[in-house]
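Engineer: Residue numbers for the sequence shown follow the working numbering, beginning at 1 and rising by one. Attaching a single structure in structure tokens format; questions to follow.
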Amino acid sequence: MKKVLPIGITDFQELIQGNYYFIDKTKLIEDMLTFGAKVTLFTRPRRFGKTLNMSMLRYFWDIQNAEENKKLFQGLYIENSFCFAEQGKYPVIYLSLKDMKEKTWEECSKKIKRIISNVYNQYEIIRDSLNQRDLKIFDEAWLETLESNNSNAIKELSEYVSKYYQKKVIILIDEYDTPIVSAYENGYYEEAIAFFRNFYSS
1 MKKVLPIGIT
11 DFQELIQGNY
21 YFIDKTKLIE
31 DMLTFGAKVT
41 LFTRPRRFGK
51 TLNMSMLRYF
61 WDIQNAEENK
71 KLFQGLYIEN
81 SFCFAEQGKY
91 PVIYLSLKDM
101 KEKTWEECSK
111 KIKRIISNVY
121 NQYEIIRDSL
131 NQRDLKIFDE
141 AWLETLESNN
151 SNAIKELSEY
161 VSKYYQKKVI
171 ILIDEYDTPI
181 VSAYENGYYE
191 EAIAFFRNFY
201 SS
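Here's what the structure looks like:
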């Protein structure tokens, strides 16, 4: 079957299963594991494959569907690396902020709540393990019932997920700067930066 160019494909699973052309970048996984940094920031121009690489990292580490995801890396560099033992070993929280280009802070605030709610929804399985206090916090983020945005929402989710799986959590944030740039361009930078400063630092 003839391969085709993956124009517009940013999901690693779709790219591999669709038999698209792929320049093997899985050594990045080995580099990240051996480098051992607590935080890594990818700074590349647009269309350099940042989102695809983030997706690749997600499928590699994610403890959910680990056996199915393992098949995606067959025949790639990482399969023969000593780091392949880390495949499917960690819960992953993945956020994409690439579509956060709202015109007002009110619209942006609603979008933030929805994105956080969607991430919480992926970990609905852990709700039964939470105590009454943590369940209330979880449900407020999950059901979008909190009046204001909770800048600690991802930190709190990572703590719950880590406790449930007894594993450290990997957090991947794609296009972290998009909502901040949009806020600057549309005149609500102060409100946005006040939220995102705490959101990212937590």
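From the three backbone atoms N, C-alpha and C, an ideal C-beta is built for every residue, glycine too.
Between residue 61 and residue 80, what straight-line distance do the alpha-carbon atoms span, to the nearest angstrom?
Structural biologist: Computed Cα separation, rounded: 16 Å.
Engineer: Classify residue 160: buried if its beta carbon has 16 or more other beta carbons within 10 angstroms, exposed otherwise.
Structural biologist: Per the 10 Å Cβ criterion, buried.
Engineer: With 16 other CB atoms within 10 Å as the buried threshold, where does residue 21 fall?
Structural biologist: By the neighbour-count rule (16 or more Cβ atoms within 10 Å), residue 21 is not buried but exposed.
Engineer: Any chance you could list the alpha helix (DSSP H) runs of at least 4 consecutive residues sitting entirely within the segment 84–141, in chain order?
Structural biologist: The qualifying runs are 105–122.
Engineer: Look at the alpha carbon of residue 96 and the alpha carbon of residue 2, and state the distance between them as a whole number of angstroms.
Structural biologist: Distance between the alpha carbons of residue 96 and residue 2: 31 Å.
Engineer: Give the secondary structure of residue 174 by DSSP, where H, G and I count as helix, E and B as strand, and everything else as coil.
Structural biologist: It is a strand residue.
Engineer: Within the same chain, show all residues whose beta-carbon is closer than 8 Å to that of residue 174, passing over the 5 residues directly before and after it, in chain order.
Structural biologist: Counting only Cβ-Cβ distances below 8 Å, and skipping sequence neighbours, we find 50, 51, 54, 94, 95, 96, 97, 98.
Engineer: Along the alpha helix (DSSP H) that carries residue 150, what are the first and last residues, could you check?
Structural biologist: Counting along the chain, residue 150 falls outside any alpha helix (DSSP H), and DSSP gives it neither H nor E.
Engineer: Applying the 10 Å Cβ sphere with the 16-neighbour rule, what's the burial state of residue 119?
Structural biologist: Classification for residue 119: buried.
Engineer: How far does the alpha helix (DSSP H) with residue 31 in it reach, from first residue to last?
Structural biologist: Note, residue 31: alpha helix (DSSP H), 27–35.
Engineer: Assuming residue 179 and residue 100 are in contact, meaning their beta carbons sit under 8 Å apart, how far apart are those beta carbons, in whole angstroms?
Structural biologist: With a Cβ gap of about 4 Å, residue 179 and residue 100 count as contacting.
Engineer: Shortest alpha-carbon distance to residue 123 belongs to which of 40, 25, 165?
Structural biologist: When each option's Cα is compared against that of residue 123, the closest is 165.
Engineer: Does residue 21 come out as helix, strand or coil in the three-state DSSP assignment?
Structural biologist: Three-state DSSP puts residue 21 in coil, outside helix and strand.
Engineer: Check for me: the alpha helix (DSSP H) holding residue 70 runs from which residue to which?
Structural biologist: First-last of the alpha helix (DSSP H) with residue 70: 66–70.
Engineer: Do you know offhand how far residue 16's Cα is from residue 44's?
Structural biologist: Those two C-alpha atoms are separated by around 23 Å.
Engineer: If we ignore side chains and look at the alpha-carbon of each, how far apart do residue 150 and residue 39 end up?
Structural biologist: Cα to Cα, the separation comes out at about 22 Å.
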